[in-house]
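Asker: Going from the sequence shown to this note's numbering is simple: count from 1 and add 407.
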Amino acid sequence: GLLMALDVPQERGLGHLDQRYLDGLEVCRFPLLPFLQPLPLDWMYLLYTIMFLGALGIMLGCCYRLSCIAFLCPYWYLLLLDKTSWNNHSYLYGLLGFQLALLGADRYGSVDGLFRPQKRNAHVPLWNYALLRAQVFIVYFIAGLKKLDADWVGGFSMGTLARHWLFAPFRLVLSEELTSRLVVHGGGLVLDLSAGFLLFFDATRTLALVFVTYFHCMNSQLFSIGMFSYTMLATNGLFCRPEWPRGLLSRCPPWLQGWLPSTKPPQPSPDCHYGGRGAQGGIRPRQHLAAAFTILYVLEQLFLPYSHFITQGYNNWTNGLYGYSWDMMVHSRFHQHVKITYRDGLTGEVGYLKPGAFTQSRRWRDHADMLKQYSACLSQLLPRYNVTQPQIYFDVWVSINERFQQRLVDPRVDLVRAPWSPWSPTPWLLPLLVDLSPWRQRLQELEAQLDGQTDAVFIADFPGLHLENFVSEDLGNTSLRVLRGKVLVELVEQQQNHSLQEGEGMQLPAGQYHKVHTVSAEPSCYMYLYVNTTALELEQNLTRLRELRERVRNGTEQSPLPPELRPILGEAPPAGVPLDPVVSLFLRREQREQRRERESSLAQRLRRFLRRKFFLFRRSALMTLIALRNLALGRPSPERLAQEVTFANWR
């Protein structure tokens, strides 16, 4: 896209910033609670080990309550430690872990049942099922309610998803636009709203299982969402009759049933109340408490996604911390430009930081609370680089759901000293220009009119603000056109000003800075049109080489190839003749395409998946063993430790 140049001044010592970060000396973190801090690295691996053993114990039903605590406490500690890792999926795992700690999920096929006969093959109270089913129902239904948003219904949330190969069968009978509106957005809305109801009733459960399974299998291929799709597939069994695992095992061969959990009817449990079926005594206080907890928990889960009027400081263009609202995939963002400016409080000297310095996350770009935390962290770190009393300014340009690119926060406000409270609106957060939302259809029409070499960036800015931009020399044909309002274009090097109104435009010089000032009383809207002439020329040269090779192979090329072009036919370059850079790029592209064709089969994909998972688990196991050894015996010399980590990272 349009390149915007930001320099890191080397003379102030910031040139070594990335290396000091990689060395682990300085890292900015984003905990939900300020007092939460990570443990030393070796202790963190011990924490991961405890959480893994807890998850393993839950799966096997071994020391069940203790295993739940061993998993739950480290998990929520890690979740609250870093808001940038929050999403609906990680939040759901924490909720399910909390519920499992209260439920009797070790009554069937568990290790505990082998040693405690009263738990072996015993009934489970109905409220256990009700709690888990209600949680899954809320995930579906609230997600559906959130998709009633105008952006989702209008087809702007996942505008390009219909181009994925998974939707190719739908595109045989529908256009790409109709596939996006009807299948991606309409189908997602209907499924989320209806899935919980259809799964609940016996008459519709089979149909629901088919559609829900297809839906989650598609999501596993469409999005990088980890194990969430497989987790939701596993929850399908919660809505079936409780005895379905017993019926499935009863169909196994007799010789195998001896090694499997019992298929006999379950024994009564003191945790259950059997009503008129021979129950002794009334409902106990513990059962009253379980019923009250279930009702209160469900009400709390229904309230939380709409509680953003309380925690107003976490509201941005979307409400609340992304994680507990179940607004999955409703908002898509595209960041065109992020600039971090620092000013020395004593000397007034101005410099720029690389976006994302001191952190590996990019989530801070969309949340005012994280921008505040990031600025506070930078104000503590920059004095080490001879920046006294630093002031930090952010200029974040983002488009949400195919709207104009616009600023998220006021770039004139020093966020180090700016106020922020979790209970009140953020004063330096700029509003989303929802009045310009109807322009999206017009923007799509403008893009459709462009040729294949021209790209466009649509900008909206507030009165009194300006955009400082740099046009790369590669973008040899860049122009600006005003769509609404009035702007003043300042050419910095030429010291010229050009006033443009709606419908007017101008050519911008390449290799120079310019500023676009919004001088109208209303927000201005304008567009950049640009052609990457360098990339265009390169593609044209590659196309000529491809056509030349085809002519040589089919015998229509009469003139002999020069020696420097012979490698495109698979021949080795002549001795002493250097390989042309364009020919080298052409050959690399050909090799990538051939490798992609070879590895496109299902077997090759499965092999790559298993290989990737193997090295992931290998590294995790080795790093955990190294950390436990360090805690037990102390750390070895840095040289040996570096060799061990290198071996763990080997692929």
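C-beta atoms are modelled at their ideal positions from N, C-alpha and C, and glycine is treated no differently.
So the candidates are 762, 675, 679 and 778; which of them puts its Cα closest to the Cα of residue 721?
Answerer: By one-based count along the sequence shown, residue 721 stands at place 314. The shortest Cα separation from residue 721 among 762, 675, 679 and 778 belongs to 778.
Asker: Residue 429 to residue 1044, Cα distance in whole Å?
Answerer: Against the sequence shown, residue 429 aligns to sequence position 22. Against the sequence shown, residue 1044 aligns to sequence position 637. For residue 429, the pLDDT reaches just 38, beneath the cut-off of 50, and the residue's location in the model is therefore unreliable, although a value from the coordinates is still provided. Answer to the nearest angstrom: the Cα atoms are 19 Å apart.
Asker: Identify the continuous beta strand (DSSP E) that holds residue 734 and give its terminal residues.
Answerer: As a first step, residue 734 must be located in the sequence shown, where it is residue number 327. Here residue 734 belongs to no beta strand (DSSP E), and DSSP marks it neither H nor E.
Asker: Residues in its own chain within less than 7 Å of residue 993 by CB, not counting five upstream and five downstream?
Answerer: By 1-based counting over the sequence shown, the position of residue 993 is 586. Excluding sequence positions up to five before and after residue 993, its CB lies within less than 7 Å of the CB of 949, 952 and 975, all in the same chain and listed in chain order.
Asker: If you drop the 5 nearest sequence neighbours on each side, which residues of the same chain put their C-beta closer than 7 Å to that of residue 789?
Answerer: One-based indexing of the sequence shown puts residue 789 at position 382. Taken in chain order, the residues that qualify are 749 and 797.
Asker: Go through its chain and collect everything with a Cβ distance to residue 904's Cβ below 8 Å, but skip five positions before and after it.
Answerer: Sequence index remark: in the sequence shown, residue 904 carries index 497 (1-based). Counting only Cβ-Cβ distances below 8 Å, and skipping sequence neighbours, we find 895, 896, 897 and 898.
Asker: Drop a sphere of 10 angstroms on the beta-carbon of residue 1040, count the other beta-carbons inside from all chains shown, and report buried for 16 or more, exposed for fewer.
Answerer: Numbered from its first residue, the sequence shown carries residue 1040 at position 633. Counting Cβ neighbours within 10 Å, residue 1040 comes out exposed, since fewer than 16 surround it.
Asker: What are the complete alpha helix (DSSP H) segments, minimum 4 residues, inside the segment 439–485?
Answerer: Listed in chain order, the alpha helix (DSSP H) elements of length 4 or more contained wholly in the segment 439–485 are 448–467.
Asker: Would you identify the three-state DSSP class for residue 932, choosing helix, strand or coil?
Answerer: As a working note, residue 932 is residue 525 in the sequence shown. In this structure, residue 932 counts as strand in the three-state DSSP scheme.
Asker: Tell me whether the beta-carbon of residue 826 lies closer than 8 Å to the beta-carbon of residue 867.
Answerer: If you number the sequence shown from 1, residue 826 lands on position 419. If you number the sequence shown from 1, residue 867 lands on position 460. No, these two residues do not count as a Cβ contact at 8 Å.
Asker: Name the residue from 536, 787, 654 and 780 whose alpha carbon lies nearest to the alpha carbon of residue 679.
Answerer: Locating residue 679 in the sequence shown gives position 272, where the first residue counts as 1. For residue 679, the nearest C-alpha among the options comes from 536.
Asker: List the residues that DSSP assigns as beta-bridge partners of residue 864.
Answerer: Counted from its first residue, the sequence shown places residue 864 at position 457. Residue 864 pairs with 935.
Asker: Does the separation of the CB atoms of residue 733 and residue 550 fall below 8 Å?
Answerer: Within the sequence shown, the letter at position 326 stands for residue 733. Within the sequence shown, the letter at position 143 stands for residue 550. Cβ distance < 8 Å, so residue 733 and residue 550 count as in contact.
Asker: Under 6 Å Cβ to Cβ from residue 835, same chain only, skipping five residues before and after it: list those, please.
Answerer: Within the sequence shown, numbered from 1, the residue matching residue 835 stands at position 428. For residue 835, where only same-chain residues beyond five positions count, the Cβ hits under 6 Å are 816, 817, 820 and 825.
Asker: Can the beta-carbon of residue 390 be found closer than 8 Å to that of residue 919?
Answerer: Here the chain has residues from 408 to 1058 only, and residue 390 is not among them.
Asker: Can you tell me the Cα-Cα spacing of residue 519 and residue 1019, whole angstroms?
Answerer: Locating residue 519 in the sequence shown gives position 112, counting from the first residue. Locating residue 1019 in the sequence shown gives position 612, counting from the first residue. Going from the Cα of residue 519 to the Cα of residue 1019 covers about 35 Å.
Asker: Quick check for students: name the residue ranges of the alpha helix (DSSP H) that lie wholly in the segment 760–797, counting only runs of 4 or more.
Answerer: 775–788
Asker: Expressed to the nearest angstrom, what Euclidean distance is found between the alpha-carbon atoms of residue 710 and residue 703?
Answerer: Mapped onto the sequence shown, residue 710 falls at position 303. Mapped onto the sequence shown, residue 703 falls at position 296. In a straight line, the C-alpha of residue 710 is about 10 Å away from that of residue 703.
Asker: Do residue 590 and residue 577 count as a contact pair if the criterion is CB distance below 8 Å?
Answerer: Locating residue 577 in the sequence shown gives position 170, counting from the first residue. Locating residue 590 in the sequence shown gives position 183, counting from the first residue. Yes. Within cutoff.
Asker: Compute the Euclidean distance between the alpha carbons of residue 747 and residue 806, then round it to the nearest angstrom.
Answerer: As a first step, residue 747 must be located in the sequence shown, where it is residue number 340. As a first step, residue 806 must be located in the sequence shown, where it is residue number 399. About 18 Å.
Asker: Taking just the CA atoms, how far does residue 887 sit from residue 957?
Answerer: Locating residue 957 in the sequence shown gives position 550, counting from the first residue. Locating residue 887 in the sequence shown gives position 480, counting from the first residue. Roughly 41 Å between the two C-alpha positions.
Asker: Pop quiz: residue 773 and residue 723 are said to be a contact at Cβ under 8 Å. What is the actual Cβ separation, rounded to whole angstroms?
Answerer: Position 366 of the sequence shown, counted from the first residue, corresponds to residue 773. Position 316 of the sequence shown, counted from the first residue, corresponds to residue 723. Between residue 723 and residue 773 the Cβ distance is about 6 Å, and since that is below 8 Å, they are a contact.
Asker: So, helix, strand or coil for residue 369, using DSSP?
Answerer: Within the shown structure, residues of the chain are numbered from 408 to 1058, placing residue 369 beyond reach of any answer.
Asker: So residue 747 is in the beta strand (DSSP E); what residue range does that whole segment cover?
Answerer: If you number the sequence shown from 1, residue 747 lands on position 340. Per DSSP, residue 747 belongs to the beta strand (DSSP E) from 740–750.
Asker: Once you ignore the five residues that flank residue 809 on each side, which residues in its own chain have a CB closer than 6 Å to its CB?
Answerer: If you number the sequence shown from 1, residue 809 lands on position 402. 563, 566 and 847.
Asker: From which residue to which residue does the beta strand (DSSP E) around residue 1059 run?
Answerer: With the chain covering 408 to 1058 only, the question about residue 1059 has no answer from this structure.
Asker: Taking the Cβ atom as the reference point for each residue, do residue 862 and residue 933 lie within a distance shorter than 8 Å?
Answerer: Taking the first residue of the sequence shown as 1, we reach residue 862 at position 455. Taking the first residue of the sequence shown as 1, we reach residue 933 at position 526. In this structure, residue 933 does not lie closer than 8 Å to residue 862 by Cβ.
Asker: How should residue 795 be labelled, buried or exposed, when 16 other C-beta atoms within 10 angstroms of its C-beta is the threshold for buried?
Answerer: Locating residue 795 in the sequence shown gives position 388, counting from the first residue. Answer is exposed; the Cβ neighbour count stays below 16.
Asker: Using a threshold of 8 Å, state whether the C-beta atoms of residue 437 and residue 490 are closer than that.
Answerer: Within the sequence shown, the letter at position 30 stands for residue 437. Within the sequence shown, the letter at position 83 stands for residue 490. Yes, these two residues count as a Cβ contact at 8 Å.
Asker: Rounded C-beta distance between residue 1035 and residue 456? I'm assuming under 8 Å.
Answerer: Residue mapping note: residue 1035 aligns to position 628 of the sequence shown, counting from 1. Residue mapping note: residue 456 aligns to position 49 of the sequence shown, counting from 1. So it is a contact: roughly 7 Å between Cβ atoms.
Asker: Counting pairs of beta carbons, one from the segment 457–477 and one from the segment 528–535, are three or more of them closer than 8 Å?
Answerer: no
Asker: Mind checking who residue 634 pairs with in its DSSP beta bridge?
Answerer: On the sequence shown, residue 634 is found 227 positions in, with the first residue counted as 1. According to DSSP, which records beta bridges pairwise, residue 634 is partnered with nothing at all.
Asker: On the CB-based measure, 16 or more other CB atoms within 10 Å of its CB, does residue 685 come out buried or exposed?
Answerer: Taking the sequence shown and counting its residues from 1, one reaches residue 685 at position 278. Residue placement at residue 685 cannot be trusted, given a pLDDT of 47 that sits under 50; the coordinates are not used to answer.
Asker: In chain order, what residues of the same chain have a beta carbon less than 7 Å from the beta carbon of residue 736, not counting five sequence neighbours either side?
Answerer: Within the sequence shown, numbered from 1, the residue matching residue 736 stands at position 329. Here the set comprises 564 and 565.
Asker: Where residue 508 and residue 526 are concerned, what is the direct C-alpha to C-alpha distance, given to the nearest angstrom?
Answerer: Taking the first residue of the sequence shown as 1, we reach residue 508 at position 101. Taking the first residue of the sequence shown as 1, we reach residue 526 at position 119. Their backbone Cα atoms lie some 16 Å apart in a straight line.
Asker: Spatial neighbours of residue 629 within its chain, please: C-beta separation below 8 Å, excluding the five flanking residues on both sides.
Answerer: Sequence index remark: in the sequence shown, residue 629 carries index 222 (1-based). For residue 629, where only same-chain residues beyond five positions count, the Cβ hits under 8 Å are 568, 571 and 573.
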